[in-house]
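According to UniProt numbering, the sequence shown is numbered sequentially starting from 1. Quick reminder that beta carbons are idealized off the backbone N, C-alpha and C, glycines included. Just so we're clear, the structure is a prediction, and the values are computed from it rather than from any experiment. In what follows, a single structure is set out as structure tokens and then discussed.
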Amino acid sequence: MGAYRDTYRQSLEDPEWFWRDAASGVDWARMPIRVLDEDRPPFYRWFPDAELNTCHNALDRHVDAGRGDAVALVYDSPVTGSVRRYTFRELRDEVACFAGALRGLGVGRGDRVVIYMAMVPEAVVAMLACARLGAVHSVVFGGFGPKELAARIDDARPKVIVATSCGIEPSRVVEYKPLLDAALDEAAHRPDACVILQREQAPARLRDGDVTWADVVARAEPVGCVPVAATDPLYILYTSGTTGRPKGIVRDNGGHAVALTWSMANIFDCGSGDVFWAASDVGWVVGHSYIVYAPLLAGSTTVLYEGKPVGTPDAGAFWRVVEDHGVNVLFAAPTAIRAIRKEDPDGARIDRARTKSLRTLFMAGERLDPQTYEWAGEKLGVPVVDNWWQTETGWPIAASPRGLEALATKPGSPSVPVPGFDVRVVQPDGQDAPAGTDGSIVIRLPMPPGCLPTLWNDDERFVASYLSAFPGCYLTGDGGRFDEDGYLYVMGRTDDVINVAGHRLSTGAMEEVLAGHPAVAECAVIGVEDELKGQVPRGFVVLKAGVTTAHDEVAAQLVQLVRDRIGAVASLRRVQVVAALPKTRSGKILRRTMRGIADGREEPVPSTIEDPAVLDQLRPVLRER
């Protein structure tokens with residue numbers, strides 16, 4: 001680990017030197033003299049005296065450098081049967097024109113714009129147009145319910161809302177405009193205008209104050225990039241809070257551009273001329289960081305995919321995209337790969353000759369179980385790199401830094417802390433936990449550039465949510481451990497650690513055992529209340545396609561496996577085979593909601609749920625005692 005260890009040590013011992021050097025990868029309107037402002041801890045600020053424009057760094061500078069004809073964005077939409085490619089020059093020109101349209105509607109530096117759009121190129125254009133003006137965008141996942149959308153509108157108070165008339169799922173068209181109208185009827189704040197991108201699958205009926213994308217663009221004049229302070233916000237991205245009130249994660253311009261540019265070269269080993277595909281959605285942090293900003297900052301081609309891993313049309317969809325567009329680096333959620341594995345357990349749809357461009361598969365968004373890790377590596381024949389991070393950090397906390405040093409990976413681990421992140425595993429008293437011992441994962445302050453500096457208009461909640469549990473540290477909310485080699489193991493949210501008759505047990509460890517059974521496609525283990533033991537675990541599994549073994553027999557085998565691997569102390573007595581597990585649209589299993597229902601509480605169902613019918617079907621099973 002020579003190169004990695006030296007770089008990691010430098011990043012912690014002299015962060016100002018380290019990030020000043022990294023800042024040379026960004027074009028500045030005013031170069032940074034100060035690197036880190038520590039005057040008001042815990043509110044640290046990076047590059048406080050510098051100015052730049054993020055859109056210039058993503059588009060204009062590549063055109064100015066003679067790469068205007070290189071492909072910047074590939075839009076691949078199996079749900080509409082269309083593919084479009086945009087060069088850096090074409091994308092810059094579209095962004096400049098839509099930025100002019102927004103300016104014509106009164107949007108300027110510091111104003112907010114809510115974006116409520118499907119996975120279409122115009123969503124990327126709208127985000128970059130806001131950045132071009134120095135406006136602050138807040139992307140809300142397309143199809144969010146009116147109540148959740150209204151809450152975000154009232155918190156961000158946008159001058160303009162940009163929306164598509166509809167989104168397209170494999171089996172249905174979802175009309176967004178009625179949802180937006182209902183949200184505006186509920187919200188206290190009123191934007192000056194709503195810009196609607198009409199899609200032919202479901203054109204929207206306009207109301208007073210609505211204008212179409214085509215109309216505002218037709219009369220717009222293109223505008224240039226507006227320099228902003230490095231500490232000015234680039235975007236607000238709302239994430240769920242424990243109180244049910246969304247938390248507005250703030251991302252600054254300067255630290256964000258520096259961190260993401262550094263990450264592309266040093267973590268993802270991807271640069272100018274490479275093709276990078278993050279199979280996510282622009283409504284999530286992965287979509288912000290690694291569909292829109294990081295690849296374009298690095299001069300790479302980015303792929304925008306409007307489809308699913310299965311069902312558009314089959315389990316070979318991902319590999320078709322890799323082949324068609326020469327994808328070098330694929331970034332996907334473990335849920336996506338598990339869905340493919342469930343439908344195609346033998347990997348019959350993977351043809352290595354056709355996916356030969358692929359160098360690396362990165363996975364994040366939830367814990368990567370060893371079985372999925374090993375299946376993907378075996379079938380694709382490329383390194384599989386788990387990486388762990390959060391909406392709050394905006395880029396990986398732990399990974400094998402492929403561009404810096406291609407460290408060996410270990411099943412179940414996202415590898416090692418990324419340079420800049422002083423990651424610790426601590427015990428309840430705040431002391432470092434010995435290697436091999438579970439504890440709370442924290443990051444010592446200051447966190448590196450690109451991480452949230454605060455919450456939108458709520459410094460007090462920022463401190464209470466993240467900085468109060470262990471003074472001087474950011475609380476990730478995840479539990480885990482380091483091994484003797486310094487590899488981090490993230491076992492899940494700390495509220496997924498259950499207490500069975502005084503024994504603290506990780507449901508993540510039990511899930512790892514269940515996932516190892518050859519019949520299991522995916523699984524979840526939750527702790528439910530028990531009068532005798534306090535809590536006991538219950539397992540839920542989805543079987544692979546083609547499994548003919550009786551469900552009762554599989555369940556018995558799984559109970560025995562946990563007993564053999566973890567011990568009788570785990571007290572796992574019930575494993576139930578179900579047709580599907582309830583998930584968010586980003587693929588996270590709703591364990592907390594499941595646990596609440598099993599305990600007889602009506603936990604709020606997240607607005608991000610993929611298919612409410614799955615949870616409705618599971619409710620009677622969860623309530624069985």
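- Distances from the alpha-carbon of Ser24 to those of Arg172, Glu186 and Gly254 put Gly254 closest.
- Residue Val113 holds the alpha-carbon nearest to the alpha-carbon of Val139 among Pro383, Asp6 and Val113.
- One Cα belongs to Asp215, the other to Thr164, and the distance between them is close to 14 angstroms.
- In this structure, the beta-carbon distance from Leu330 to Leu361 falls below 8 angstroms.
- For the beta strand (DSSP E) assignment, the uninterrupted runs of no fewer than 3 residues enclosed by the segment 199–262 are, from N- to C-terminal side, 210–212, 233–239 and 247–252.
- Spatial neighbours of Asn266 in its own chain (CB-CB distance under 7 angstroms, excluding positions within 5 residues in sequence) are listed in chain order as Pro401, Gly403 and Leu404.
- Separation of the CB atoms of Val173 and Ala204 is rounded to 12 angstroms, and the pair is thereby denied contact status at 8 angstroms.
- Look at Phe482 here: in three-state DSSP terms it is strand.
- The three-state secondary structure of Gly271, taken from DSSP, is coil.
- Beta bridge pairing from DSSP links His137 with Val113 and Tyr235.
- Judged by pairs of C-beta atoms under 8 angstroms, the segment 264–280 does not touch the segment 45–59, as fewer than three such pairs exist.
- Classified as exposed, Trp17 has fewer than 16 neighbouring CB atoms from the shown chains inside 10 Å of its CB.
- By the criterion of at least three beta-carbon pairs nearer than 8 angstroms, the segment 407–414 is not in contact with the segment 437–455.
- If you check the CB distance, Ile589 and Arg619 do not come in under 8 angstroms.
- Looking at the DSSP output, Gln576 bridges to Phe540.
- With a cut-off of 8 angstroms on Cβ pairs, the segment 314–321 is not in contact with the segment 280–297, counting fewer than three such pairs.
- Relative to the Cα of Met264, the nearest Cα in the group Ser300, Ser280, Thr231 and Val160 belongs to Ser300.
- In the three-state DSSP reduction, Cys451 falls in the coil class, being neither helix nor strand.
- Arg219 and Ala101 have their C-alpha atoms roughly 7 angstroms apart.
- A straight-line Cα-Cα distance of about 8 angstroms links Ala96 and Cys225.
- Look at Glu529 here: in three-state DSSP terms it is strand.
- Taking Ala70 as reference, the option from Asn57, Gly81 and Glu90 with the minimal CA-CA separation is Glu90.
- In the DSSP assignment, Asp564 falls outside any beta strand (DSSP E) and within the unbroken alpha helix (DSSP H) covering His551 to Arg565.
- Between the segment 55–74 and the segment 184–197, the count of C-beta pairs closer than 8 angstroms stays below three; the two stretches do not touch.
- When the beta-carbon positions are compared, Gly508 and Arg354 stay at least 8 angstroms from each other.
- The way I'd put it, the segment 530–545 does touch the segment 573–581; three or more beta-carbon pairs between them come closer than 8 angstroms.
- When DSSP reads this structure, Ser506 sits in a beta bridge with Val497.
- Between Leu304 and Val124, the CB-CB gap stays under 8 angstroms.
- For Ser440, the beta-bridge partners assigned by DSSP are Val426 and Gly479.
- Within its own chain, the residues whose Cβ lies closer than 6 angstroms to the Cβ of Asp76, once the five positions on either side in sequence are excluded, are Val83, Tyr305 and Val321, listed in chain order.
- Taking all protein chains in view, the Cβ of Ala556 is surrounded by fewer than 16 other Cβ atoms within 10 Å, so the residue is classified as exposed.
- Annotation for Asp181: the continuous alpha helix (DSSP H) segment containing it runs Lys177 to Glu186.
- Within the same chain, Pro411, Gly412, Glu512, Ala515 and Gly516 come within 8 angstroms of Pro370 by CB-CB distance, once the 5 residues on both sides are set aside.
- Check the Cα spacing between Leu380 and each of Arg359, Ile397, Ala399 and Gly394: the tightest is with Arg359.
- Taking C-beta atoms as the reference points, Leu488 and Val423 count as a pair closer than 8 angstroms.
- Ala519 has its alpha-carbon roughly 9 angstroms from the corresponding atom of Lys342.
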